[in-house]
Ligand code: C2E
Ligand code: CA
Ligand code: CA
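Numbering (the numbering used here), first residue to last: 15 to 408.
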């Protein structure tokens, strides 16, 4: 919505205490004072000048004006409509919105005390209003803090799901999957807390934590003299990709643990690969360091085949949906067969995800898919179990 400008002569009121809020104002020129009535007396709460905003509080929490605004000199104001501000607010981060509303309530309560308005004060004292500001947003902040603590106390667990080389019937590698056993809520799905971690920069320490646990796991294989060493695929999300030093950290951790960095594989989800230039650069840097890169969740809807030829993935992971459908659905089977052929032609390996039945595994073998991952092969397991089962047929 377009904002409009108004001119206001000295002495005129912009709004009055008790008015319903329709707009906020940005002072372009002139000075304005904010007043509140205390008994018979008008108390000046503040004086504002060019660049200052006024009247936004009542618009934000949609309650009557709690003060009066009067032009001290001739003024020019830009009017910011209620819808315009609310649209911004609705699009803002829910946590920022909750913080803002909390602050407003506190300010209003302080104002009420100044005026000797007992009811408003009691509402603030009971703490009720703050609690229902935005329960979801506050809950998220709490979860975020608990997640931060879980990193410090190392109470996040990294599990390893085995990946079978179909032709040789041997486990070749693992995918590292994170788990959080929350002290009150029990296990929290990574689908929930990874999304939360991605909203903040917390995903970076979470990701580094996973690198460290994976490196420790690989070190036990090195110490046990297991050759060839299995590879471990680590999921990397968008925000980690843009953070500085992701690969440098990985390489430093591997060096510390005397693990070849080449044993790590980076998994990036298909949706992310839309940022072709960034991903192409990442793949190039990984290859310089000897790391392999896998395209995760292939076929979930974002595939842009036109870009695929520019992105030199070493591995493509076929999404579980295809594995599930292909047994009963001839058309899905035809698509999987085409993907097997295409991926081979691009010089990459294919891993089918979500393999749960012997029938699915057999179909994949016949079609020429190289690797299989899923509950049939093995559930995500602790590092000790992975080491104990290493070398046994899948
Ligand atoms: P994803 O990368 O596609 O991981 C595979 C998911 O499928 C895992 O769920 C795994 O437990 C599950 N799965 C494996 N085999 C089967 C099967 O046969 N049937 C069925 N129904 N499911 C199977 P999980 O562990 O809950 O992880 C969910 C998602 O969370 C992952 O999807 C990944 O996107 C993300 N994630 C997990 N760990 C990390 C991590 O360390 N960092 C990041 N950035 N994301 C992670
Ligand atoms: Ca994955
Ligand atoms: Ca996947």
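Think of the CB as a built atom: it goes at the ideal place given N, C-alpha and C, for glycine as much as any other residue.
With respect to the 7 Å criterion, residue 111 and residue 118 are not classified as neighbours on the basis of their beta carbons. Membership of residue 359 in the alpha helix (DSSP H) is indicated by the continuous run 344-359.
Here residue 383 carries a coil assignment [DSSP, helix/strand/coil].
The beta carbon of residue 99 sits closer than 8 Å to the beta carbons of 38, 70, 73, 74 from its chain, once the five residues preceding and following it are set aside; these are given in chain order.
Contact between the stretch 321-338 and the stretch 364-371 is present: three or more C-beta pairs spanning the two stretches fall below 8 Å. Straight across, the Cα-Cα distance linking residue 150 with residue 211 is about 16 Å. For residue 187, the number of other beta carbons within 10 angstroms of its own is at least 16, and it is reported as buried. Three or more Cβ pairs closer than 8 Å define a contact, and the stretch 170-180 meets that threshold against the stretch 383-396.
Relative to ligand 2, even the nearest heavy atom lies 6 Å or more away from the CB of residue 363. The stretch 236-246 makes no contact with the stretch 196-207: fewer than 3 CB pairs, one atom from each, lie closer than 8 Å.
Between the stretch 118-128 and the stretch 154-174 there are fewer than three C-beta pairs closer than 8 Å, too few to call the two in contact. Sorting 24, 53, 109, 91 by C-alpha distance to the C-alpha of residue 84 places 24 at the top.
Inclusion of residue 310 in the 6 Å shell around ligand 2 follows from its C-beta lying nearer than that to a non-hydrogen atom of the ligand. The residue among 78, 45, 337 with its C-alpha nearest the C-alpha of residue 390 is 337. According to the DSSP secondary-structure assignment, residue 39 is paired through a beta bridge with 68, 93. Note: residue 176 is bridge-paired with 188 in the DSSP secondary-structure output. The C-beta distance from residue 392 to residue 176 rounds to 4 Å, short enough to meet the 8 Å contact threshold.
Nearest in C-alpha terms to residue 196, of all of 159, 96, 381, 232, is 159. A heavy atom of ligand 3 is found nearer than 6 Å to the CB of residue 367. Around the beta-carbon of residue 173, 16 or more other beta-carbon atoms lie within 10 Å, marking it buried. Counting along the chain, no beta strand (DSSP E) covers residue 217; the unbroken alpha helix (DSSP H) around it starts and ends at 217-237. Short of 7 Å from the beta carbon of residue 234, and not among the five residues preceding or following it, lie these beta carbons of its own chain, in chain order: 397, 401. In this model, residue 108 and residue 114 are separated by some 10 Å (Cα to Cα).
Inclusion of residue 247 and residue 281 in the CB contact set at 7 Å is warranted, their separation being smaller than that value. With a threshold of 6 Å, the Cβ atom of residue 228 does not count as near ligand 1, since no heavy atom of the ligand is closer than that. Beta-bridge annotation (DSSP): residue 125 is not paired with any residue. 30 is the residue among 40, 35, 54, 30 whose C-alpha sits nearest the C-alpha of residue 48.
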